[in-house]
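Novice: Once you know that position 100 of the sequence shown is 100 in UniProt numbering, the rest is easy, because the numbers rise by one and skip nothing. Each residue gets a CB set at the ideal place from its N, CA and C atoms; glycine is no exception. Just dropping this structure here.
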Amino acid sequence: MNITVVLDGSALRAYARLESVSVGELMQTVAEDGDLAGIPVLALVDLWPDLGKEEQDLLTDLIGRADSPVQVLPMHTDLVPAVAAPARALGHGPAHAVATVQDLGATLATFHPDHYADALDPYDILELS
């Protein structure tokens with residue numbers, strides 16, 4: 001299975017807080033195509049302390065299911081330079097998302113596309129609403 005979409009922290013937050021159906025719909029569409037959405041582990045780590053217990057449980061269920069439409073993407077040592085370069089400006093989670101999009105040729109799904117304007121080409125960003 002291919003990772004075709006990478007979810008950033010804003011997408012994960014909206015999913016966990018049930019603020020928007022667009023994230024769930026996107027994951028379903030990706031899964032119907034036989035692909036997966038990726039969650040950079042650093043985005044998950046950055047977000048985790050800001051979530052309540054029920055929100056954490058919802059994300060734990062999403063990533064822990066055998067039939068999950070997502071895959072948590074590890075921080076491989078070969079990505080360290082690509083993550084470190086934008087980390088000072090973007091933060092670790094967003095920088096991991098950027099590096100993953102570039103590495104996999106995927107699309108970044110976010111509620112804050114302007115945050116990534118200097119790091120990614122506009123056609124690599126899907127604005128969620």
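I believe Ile39 touches Leu73 by the beta-carbon criterion, under 8 Å. Please report the beta-carbon distance rounded to the nearest angstrom.
Specialist: Counting from one through the sequence shown, the residue named residue 39 turns up at place 39. Counting from one through the sequence shown, the residue named residue 73 turns up at place 73. Correct: roughly 6 Å between the Cβ atoms.
Novice: Within 10 angstroms of the Cβ of Arg88, are there 16 or more other Cβ atoms? Answer buried if so, exposed if not.
Specialist: In the sequence shown, residue 88 corresponds to position 88, counting from 1. Classification for Arg88: exposed.
Novice: Cutting at 8 Å between CB atoms, please list the residues of its own chain near residue 132, excluding the five before and the five after it.
Specialist: Nothing about residue 132 can be read from this structure; the chain reaches only from 1 to 129.
Novice: Using 8 Å as the Cβ pair cut-off and three pairs as the minimum, do the stretch 95-102 and the stretch 51-61 touch?
Specialist: No: fewer than three Cβ pairs fall under 8 Å.
Novice: What are the uninterrupted segments assigned as beta strand (DSSP E) that are 3 or more residues long and contained completely in the stretch 37-71, given in chain order?
Specialist: Fully enclosed beta strand (DSSP E) runs of 3 or longer: not present.
Novice: Is it the case that the Cβ atoms of Pro69 and Leu36 are separated by a distance below 8 Å?
Specialist: The residue you call residue 69 lines up with position 69 of the sequence shown. The residue you call residue 36 lines up with position 36 of the sequence shown. Result yes, Cβ atoms of Pro69 and Leu36 sit closer than 8 Å.
Novice: I need the straight-line Cα distance from Val21 to Val80, nearest angstrom please.
Specialist: For the purposes of this step, residue 21 is taken as residue 21 along the sequence shown, with counting starting at 1. For the purposes of this step, residue 80 is taken as residue 80 along the sequence shown, with counting starting at 1. Their Cα atoms are separated by approximately 33 Å.
Novice: Please list, in chain order, all residues of the same chain as Arg13 whose beta carbon is under 7 Å from its beta carbon, the five residues on each side excluded.
Specialist: Counting from one through the sequence shown, the residue named residue 13 turns up at place 13. Excluding sequence neighbours, Arg13 sits near Leu47.
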